[in-house]
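Protein chains in written order, with our numbering: chain A, 8 to 567; chain B, 8 to 567. Quick reminder that beta carbons are idealized off the backbone N, C-alpha and C, glycines included. Below you'll find the structure, written out as structure tokens, and then a few comments.
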């Protein structure tokens with residue numbers, strides 16, 4: 008008797024399981040059930056369909072060689088029976104069958120299984136203010152959503168995105184590409200909580216504001232106002248009222264766990280379906296994966312909810328291996344995330360500083376600015392990178408970055424390093440590739456590891472932009488030592504009464520201009536000269552010198 | 008008494024040592040000596056100056072903030088005495104001093120040291136045919152070379168590059184950008200020996216030929232002909248004669264070891280100065296680094312010569328740490344190399360298959376083709392990636408890739424993985440970042456690791472393009488099963504009598520058209536459908552089925 012596998016969910020995780028399983032077990036009976044008409048589409052591509060970069064929705068639903076992934080495709084290429092427009096209503100674990108309903112005909116029928124796979128995914132969180140279902144208010148979760156938004160966009164110039172997370176950023180990006188004026192309202196004091204630490208999130212917002220996107224942080228949306236005709240006309244927050252006839256709600260997603268719950272399968276701490284490392288639920292014949300399950304975080308050791316297509320795909324392979332009897336385990340995630348918004352690339356892996364501290368680590372953050380390729384090479388851009396390490400051991404706990412340059416490469420390298428337990432010191436020596444179109448002789452990853460190592464050794468005392476700003480606002484007494492060239496210091500002057508300008512090349516000869524009894528904070532554009540200045544001052548016996556980490560590149564405020 | 012350090016060589020490795028050492032030891036006396044007028048310039052940028060992408064030579068000699076790195080800069084910013092236009096003639100190890108000569112005045116003088124650092128670099132190999140020093144014949148090693156080439160380029164339409172290594176490729180690239188017709192002559196049967204395995208080198212050459220670059224492989228240059236006026240007019244090889252009034256000789260570099268040798272310091276097996284992991288020569292007070300030393304290869308365990316700026320920079324930091332008494336070791340290299348030629352990115356890390364076998368490993372190579380980002384995302388490009396693993400353990404020994412897409416990221420991730428001893432199976436699960444502008448939900452690194460793992464498990468039997476070509480040329484009897492769509496198979500047909508076209512979607516229903524007693528080799532554009540076809544056939548009981556690795560993307564020959 009051949010194994011009979013029923014997979015609930017046919018968007019991303021489900022099809023991955025089915026495809027791999029078919030390659031492993033030519034004779035297994037594989038049935039995939041999904042409520043939608045459209046199956047196996049690239050949901051992560053939706054913002055790019057909205058932006059116009061993807062021109063036809065079928066591109067998200069086709070193989071790279073142009074074949075639409077519909078039930079016929081699944082049958083012909085995979086011998087998988089795909090029942091779309093079909094909802095699974097319940098699971099009978101004793102009988103080992105699911106009860107399904109054809110959403111077209113209303114017909115109900117039982118589908119028996121040997122192994123059941125839950126790939127039920129997630130759905131957008133609908134905040135209370137969005138429950139009145141006004142016209143002009145959209146989510147960004149399904150191809151239909153995008154088609155609805157595109158139909159509504161005509162003649163509308165301004166849009167409000169509610170939620171400054173990943174989807175919110177990609178939605179804002181898409182609407183800007185559609186020539187709209189975009190405002191982003193975020194409940195928390197920063198965007199991208201859990202993805203970027205505060206100073207990087209601020210630096211990103213700062214840059215996006217320069218390009219015309221407006222941000223309202225720390226503001227709670229209280230209602231979406233009806234224009235009297237059932238269409239949204241205004242987003243009202245606790246702080247203001249924004250005219251808007253187009254609103255995208257991107258308040259996060261929540262796992263679809265109802266089916267699992269009703270079958271008595273337990274949820275984990277993160278609210279999603281609990282699975283072991285073999286991706287089995289509490290019922291050994293029922294597996295689950297993708298956006299509906301919780302994950303184990305490889306650094307914090309905690310359960311987390313990381314609804315990401317990349318995780319779902321890797322889990323799909325592991326799960327299929329287990330179904331086929333090739334025991335395989337999915338150890339966990341780093342929460343690695345990359346995204347693009349306007350001309351900025353950004354991403355993170357592992358833990359941020361606060362997350363690491365919450366997880367019990369003594370965590371140190373180190374921020375640098377660096378050229379992503381040889382500074383003389385055309386197209387060279389600057390990136391900010393931050394490394395989070397454990398004090399003492401130097402073990403890498405996390406990394407993140409933003410910039411117009413190649414951040415993604417460094418995030419992937421650092422994700423790989425974390426996976427294998429690298430310490431900052433190890434990273435200073437990894438033999439990464441260099442040629443001017445790709446890197447600097449010292450890659451930004453090396454610079455980052457070097458700076459971290461310098462901190463560990465007491466060579467570098469850094470201060471973050473947030474720390475310096477707080478000191479300035481408190482009115483602390485210190486010297487803000489600007490070591491840029493005269494030309495640079497004049498072109499973009501820092502307006503602060505504590506400022507002293509001495510170009511690095513003159514510093515050794517002008518030490519007597521600096522008081523020895525005062526705290527000195529050195530600044531420059533990238534943080535490299537300010538570090539050299541710190542070493543000169545430390546070498547000359549100055550006791551309390553700090554360097555602004557990431558330099559003015561990392562400074563998320565005005566200079567005056 | 009402060010430490011007195013003399014550094015011989017002021018281009019790349021030397022300045023790195025000096026800068027770091029100054030930050031560690033504020034009071035040390037640091038003297039750097041170089042024969043050139045120009046010091047501390049980015050030699051790796053020369054091809055891009057030649058191409059016109061770098062517009063002014065001073066860009067290669069300036070900091071990112073526009074300050075020229077001349078002796079004054081070194082004194083003012085680093086308190087390093089830079090003696091340029093000065094040659095070190097000899098080392099007196101007993102007295103601990105070097106004898107130097109000012110090349111302007113002819114004055115000779117002794118410079119005592121506590122610690123001596125040799126950063127004497129490398130120079131181009133001058134093959135016998137180039138010894139007649141004809142006009143129009145150049146190397147690409149110094150800014151003056153580029154200025155000479157640029158002066159000679161006027162009115163010349165064709166150029167010959169002798170040597171198909173890294174510099175040869177970058178030279179060819181630069182000359183093509185200068186609108187010249189370029190021929191590359193290479194002694195060996197393939198370009199980039201030691202960087203790319205044969206099938207990738209061939210695929211690259213194939214693509215460059217499509218763009219008009221001509222290659223003459225396996226041809227030995229016998230002479231450069233004089234036009235009678237002391238100018239080159241022809242490159243003569245054992246196979247042909249090429250008109251040429253511009254010739255760039257890129258026959259590799261050799262370490263400058265004469266100074267070390269004359270002081271009795273020993274050379275290593277690779278012909279360069281032998282150093283231990285602290286970068287000390289046989290004399291504990293004399294250190295060496297950069298292009299003049301041999302390195303330890305972290306995978307092969309052998310001594311190798313890897314003259315790369317990235318290595319020199321990382322060594323500079325380690326060496327300075329040791330001079331300052333912070334014991335630090337440079338464990339070795341992977342030989343990681345990345346480069347760009349026309350619109351192709353390429354690179355490698357660790358060992359190729361043949362290199363791995365020579366080093367005693369049972370090595371397996373696995374080649375894939377993959378989209379570098381979501382196939383529906385604008386600008387998505389295809390790359391070829393190859394993983395070299397140890398049979399059995401699956402330990403990653405090396406990786407390489409070429410393509411118009413982002414190869415460099417994957418090479419760096421794989422370099423990091425090799426550093427930490429990753430096995431292919433580990434790589435299938437590394438949490439790399441995904442978003443459509445950066446990757447696929449399964450990154451090419453995952454695809455590569457998955458394919459390798461499938462091979463290990465016996466699920467995938469691959470055949471390389473070279474293997475298939477050899478079988479075809481031998482006239483072997485087998486079925487070449489093209490599983491592309493009808494449309495694809497018609498658009499770019501394969502002309503072979505063994506061909507049978509059955510699109511993947513029809514294969515399950517047309518199995519009876521295939522003989523069960525014959526070897527079957529499945530082909531498709533990327534290698535994914537051909538693998539699926541293999542699994543279908545294997546599942547149906549066909550015994551001898553192989554899939555063409557890397558698909559037609561990796562096929563470096565004509566299709567007919």
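Quick one: does residue i have its CB under 8 Å from some CB of chain B?
i                     : result
residue 238 (chain A) : no
residue 337 (chain A) : yes
residue 549 (chain A) : no
residue 84 (chain A)  : yes
residue 72 (chain A)  : yes
residue 106 (chain A) : no
residue 419 (chain A) : yes
residue 299 (chain A) : no
According to the neighbour-count rule (16 or more other Cβ atoms, all chains shown, within 10 Å of its Cβ), is residue i buried or exposed?
i                     : result
residue 511 (chain A) : buried
residue 471 (chain A) : buried
residue 41 (chain A)  : buried
residue 352 (chain B) : buried
residue 568 (chain B) : Because chain B is modelled from 8 through 567, residue 568 (chain B) falls outside the range shown and cannot be assessed.
residue 133 (chain B) : exposed
residue 416 (chain B) : buried
residue 580 (chain A) : Because residue 580 (chain A) is not part of the residues shown, which for chain A are 8 to 567, the question remains open.
residue 542 (chain B) : buried
residue 102 (chain B) : exposed
residue 301 (chain A) : buried
residue 79 (chain B)  : exposed
residue 279 (chain B) : buried
residue 566 (chain A) : exposed
residue 383 (chain A) : buried
residue 236 (chain A) : exposed
residue 75 (chain A)  : exposed
Determine the direct distance from the alpha carbon of residue j to that of residue i, and round the result to whole angstroms.
i                     : j                     : result
residue 489 (chain A) : residue 530 (chain A) : 5 Å
residue 271 (chain B) : residue 327 (chain B) : 23 Å
residue 550 (chain B) : residue 487 (chain B) : 15 Å
residue 148 (chain B) : residue 447 (chain A) : 19 Å
residue 3 (chain B)   : residue 43 (chain B)  : Residue coverage of chain B in this structure runs from 8 to 567, which leaves residue 3 (chain B) outside it and unanswerable.
residue 231 (chain A) : residue 197 (chain A) : 22 Å
residue 121 (chain A) : residue 22 (chain A)  : 18 Å
residue 261 (chain B) : residue 181 (chain A) : 53 Å
residue 123 (chain A) : residue 544 (chain B) : 27 Å
residue 144 (chain B) : residue 112 (chain B) : 31 Å
residue 464 (chain A) : residue 337 (chain B) : 18 Å
residue 104 (chain B) : residue 216 (chain B) : 54 Å
residue 513 (chain A) : residue 153 (chain B) : 34 Å
residue 381 (chain B) : residue 25 (chain A)  : 21 Å
Quick test of your reading: residue i and residue j, contact by CB under 8 Å. State the CB separation rounded to the nearest angstrom.
i                     : j                     : result
residue 534 (chain A) : residue 389 (chain A) : With 8 Å as the limit, residue 534 (chain A) and residue 389 (chain A) do not qualify as a contact, their Cβ atoms being about 11 Å apart.
residue 391 (chain B) : residue 408 (chain B) : 6 Å
residue 320 (chain B) : residue 449 (chain A) : 5 Å
residue 164 (chain B) : residue 187 (chain B) : 6 Å
residue 160 (chain A) : residue 253 (chain A) : 7 Å
For residue i and chain A, any beta-carbon pair shorter than 8 Å?
i                     : result
residue 449 (chain B) : yes
residue 438 (chain B) : yes
residue 546 (chain B) : yes
Whole beta strand (DSSP E) elements within the segment 368-427 of chain A, 3-residue minimum: 370-378, 389-397 and 403-410
ask   = In the segment 219-285 of chain A, which residue ranges form an unbroken beta strand (DSSP E) of at least 3 residues, counting only runs that do not cross its ends?
value = 221-224, 228-233, 239-244, 248-250, 254-256 and 260-262
- request: Within the segment 28-98 of chain B, note down every full alpha helix (DSSP H) run reaching 4 residues or more, in order along the chain.
  value: 53-58 and 78-85
Mind pulling the alpha helix (DSSP H) runs of 4 or more residues that sit fully within the segment 431-480 of chain A?
431-434 and 451-463
*asked:* So within the segment 166-205 of chain B, which uninterrupted alpha helix (DSSP H) runs reach at least 4 residues, ignoring any that extend past its ends?
replied: Within the segment 166-205 of chain B, the complete alpha helix (DSSP H) segments of 4 residues or longer fall at 173-184, listed in chain order.
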